[in-house]
Amino acid sequence: MDPRSEVLLRQAGLFGGELLLAGLPADDLLGHLPQAHGWSWHAGEQAQLAARFAGRCYFGVEPGARACEAAVLFLPKSRELTDYLLASLAARLPGALLYLVGEKRAGIERAAKQLTAFGSPRKLDSARHCQLWQVRVDTPPTAPVLESLARHYSLPLSDGELQVVSLPGVFSHGRLDVGSALLLQHLDDLPSGHLLDFGCGAGVLGATLKRRYPSSQVTLLDVDAFAVASSRLTLAANGLEANVIAGDGIDAAPSGLSAILSNPPFHQGVHTHYQATEHLLRQARVHLLPQGELRLVANSFLKYPPLIETHLGPCQTLTEANGFRIYRARAR
């Protein structure tokens, strides 16, 4: 059981009615709170919850239509995303109770101050290195429009400027990260066919690929609903069309790919996870055509080449700069 869920269950008497659990972990919490339902924006956690608690968890960037008497937000990493989520929930709960739960190292005490916009928050519990806060929504906000919170910026590329639309919570919100900037400089000579942007974020790489290789089919894949929505906005802002899908890792990708390109993420919340990237390297060959190519950027300290060579083929380092390397390999 996630420690945040354990803290909630210490106060289970507060949560007997129609409760919305926003950003809930994929554990047994819904089993302990039979009248509760969930809202998830993580495709992997959503899939696990849907398998165990069919029909009780909604996936998307908005809370969904189902009514609730109270809500709990599991604190996300991004402050901007927390602002949006709290406002979205508080707008639905005038005069009702809104709870915030999170780990101390994730900044729960700082985040609790964001509750003061709606009323007078109070701390209910502190255990398992987590805290639980409560506020009665005496000052409900207007429901926020997610797209109005987007950050827009332009990238000067060799074939013209690319317009990027970044939503709260998306990796490298409102700016181009160093790794992606390096990868954008090494997109030449890709095989024609079906190209995949794995871990698409705001859609910078996928949109660039579609514009540079217009005759190729391009798919953008991310585990996060806000990244999927952001990628669609970036494509639309540049008059481009591509397939954008939500899925938990490379297993959700189509087969018959001519190339997989990625600036793979290795953070989930405040935790560091390499499993998704390592699984990508192990399974890329299953999704690539013979001689299909994997091209990715990674921190120089990550020991990916042996894994690539074991599961795919000889690994070539195309360049190294600013603590990052670009790797290329072809499926045997």
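The sequence shown runs 1 to 332 under the UniProt record's numbering. Just so you know, even glycine gets a beta-carbon here, dropped at the ideal spot from N, CA and C. Remember, predicted model here, so these are calculated numbers, not experimental data.
> Considering only residues of the same chain and omitting the five flanking positions on each side of Leu132, which have a CB-CB separation below 6 Å?
Replying inline: Working through the sequence shown from its first residue, we reach residue 132 at position 132. Cβ within range, chain order: Val7, Val101, Leu124, Asp125.
> Can you tell which of Ala70, Gln114, Ser88 has the C-alpha that lies nearest to the C-alpha of Val61?
Replying inline: As a working mapping, residue 61 is identified with position 61 in the sequence shown. When only C-alpha atoms are compared, the closest one is Ser88.
> For Gln48, which residues from the same chain have a beta carbon less than 7 Å from its beta carbon, with the 5 sequence-adjacent residues on both sides left out?
Replying inline: Residue mapping note: residue 48 aligns to position 48 of the sequence shown, counting from 1. Within the same chain, Gln48 has close Cβ partners Ala26.
> Taking buried to mean at least 16 other C-beta atoms within 10 Å of its own C-beta, is Ala65 buried or exposed?
Replying inline: The residue given as residue 65 occupies position 65 in the sequence shown. Burial call: exposed.
> What are the boundary residues of the alpha helix (DSSP H) that includes Gly44?
Replying inline: Taking the first residue of the sequence shown as position 1, residue 44 is located at position 44. It spans 43-52 - the alpha helix (DSSP H) in which Gly44 sits, taken as one unbroken run.
> The beta strand (DSSP E) spanning Glu103 covers which residue range?
Replying inline: Along the sequence shown, one-based indexing puts residue 103 at 103. Start and end: 97-103.
>> Please report the straight-line C-alpha distance between Val204 and Ser231, rounded to a whole angstrom.
In response: In the sequence shown, residue 204 corresponds to position 204, counting from 1. In the sequence shown, residue 231 corresponds to position 231, counting from 1. Roughly 8 Å between the two C-alpha positions.
> How many whole angstroms separate the CB atoms of Gly206 and Cys200, which I take to be in contact at a CB cut-off of 8 Å?
Replying inline: Within the sequence shown, residue 206 is the residue found at index 206, counting from 1. Within the sequence shown, residue 200 is the residue found at index 200, counting from 1. Right, their Cβ atoms sit about 5 Å apart.
> When the Cα atoms are used, what is the spatial distance from Arg332 to Leu24?
Replying inline: Counting from 1 along the sequence shown, the entry for residue 332 is found at position 332. Counting from 1 along the sequence shown, the entry for residue 24 is found at position 24. Distance between the alpha carbons of Arg332 and Leu24 is about 41 Å.
> Is the CB-CB distance between Arg211 and Leu240 below 8 Å?
Replying inline: As a first step, residue 211 is located in the sequence shown; it is residue number 211 there, counting from the start. As a first step, residue 240 is located in the sequence shown; it is residue number 240 there, counting from the start. Closer than 8 Å, so yes.
> The beta strand (DSSP E) spanning Lys123 covers which residue range?
Replying inline: Walking along the sequence shown from the start, residue 123 turns up at place 123. That run of the beta strand (DSSP E) goes 122-127.
> So which of Cys315, Lys303, Leu312, Ala225 has the shortest CA-CA distance to Tyr58?
Replying inline: Here residue 58 refers to the residue found at position 58 when the sequence shown is read from its first residue. When only C-alpha atoms are compared, the closest one is Ala225.
>> Within the continuous beta strand (DSSP E) that includes Ala87, where are the two ends?
In response: By 1-based counting over the sequence shown, the position of residue 87 is 87. Premise fails: Ala87 lies in the alpha helix (DSSP H), 79-90, not in any beta strand (DSSP E).
> Would DSSP call Glu62 helix, strand or coil?
Replying inline: Within the sequence shown, the letter at position 62 stands for residue 62. In the structure shown, Glu62 sits in coil (DSSP, three-state: anything other than H, G, I, E or B).
> Terminal residues of the continuous beta strand (DSSP E) containing Gln217?
Replying inline: Within the sequence shown, numbered from 1, the residue matching residue 217 stands at position 217. Run containing Gln217: 217-222, per the beta strand (DSSP E) assignment.
> Is it a yes or a no for the stretch 163-171 touching the stretch 246-256, going by three-plus beta-carbon pairs under 8 Å?
Replying inline: no
>> Quick check on Asp197: buried or exposed, where buried means 16 or more other Cβ atoms within 10 Å of its Cβ?
In response: On the sequence shown, residue 197 is found 197 positions in, with the first residue counted as 1. Asp197 should be labelled buried.
> With distances taken between CB atoms, is the gap from Val228 to Val244 smaller than 8 Å?
Replying inline: Working through the sequence shown from its first residue, we reach residue 228 at position 228. Working through the sequence shown from its first residue, we reach residue 244 at position 244. Yes.
>> Is the beta carbon of Leu149 closer than 8 Å to that of Ile108?
In response: Stepping through the sequence shown from its first residue, residue 108 is reached at position 108. Stepping through the sequence shown from its first residue, residue 149 is reached at position 149. Cβ distance not < 8 Å, so Ile108 and Leu149 don't count as in contact.
> Would you call Val270 buried or exposed, if buried means 16 or more other Cβ atoms sit within 10 Å of its Cβ?
Replying inline: On the sequence shown, position 270 is the one that residue 270 refers to. Summary for Val270: the model assigns pLDDT 41, below 50, so the residue's position carries little reliability, and this model does not support an answer.
> To which residues of the same chain is Glu161 closer than 8 Å at the C-beta, ignoring the five residues directly before and after it?
Replying inline: Locating residue 161 in the sequence shown gives position 161, counting from the first residue. Counting only Cβ-Cβ distances below 8 Å, and skipping sequence neighbours, we find Ser154, Leu155.
> Along the chain, which unbroken stretches of the alpha helix (DSSP H) at least 4 residues long are found entirely within the stretch 285-311?
Replying inline: 305-311
>> Looking only at its chain, what residues have a beta carbon closer than 8 Å to the beta carbon of Leu21, apart from the 5 residues adjacent to it on each side?
In response: Numbered from its first residue, the sequence shown carries residue 21 at position 21. Here the set comprises Leu29, Leu30, Leu33, Ala36, His37, Gly38, Trp39, Ala71, Val72, Phe74.
>> Does Val178 come out as helix, strand or coil in the three-state DSSP assignment?
In response: Working through the sequence shown from its first residue, we reach residue 178 at position 178. Correct three-state label for Val178: helix.
>> If you measure between the beta carbons of residue 374 and Arg328, is that distance less than 8 Å?
In response: Nothing in the structure corresponds to residue 374, since the chain is present only between 1 and 332.
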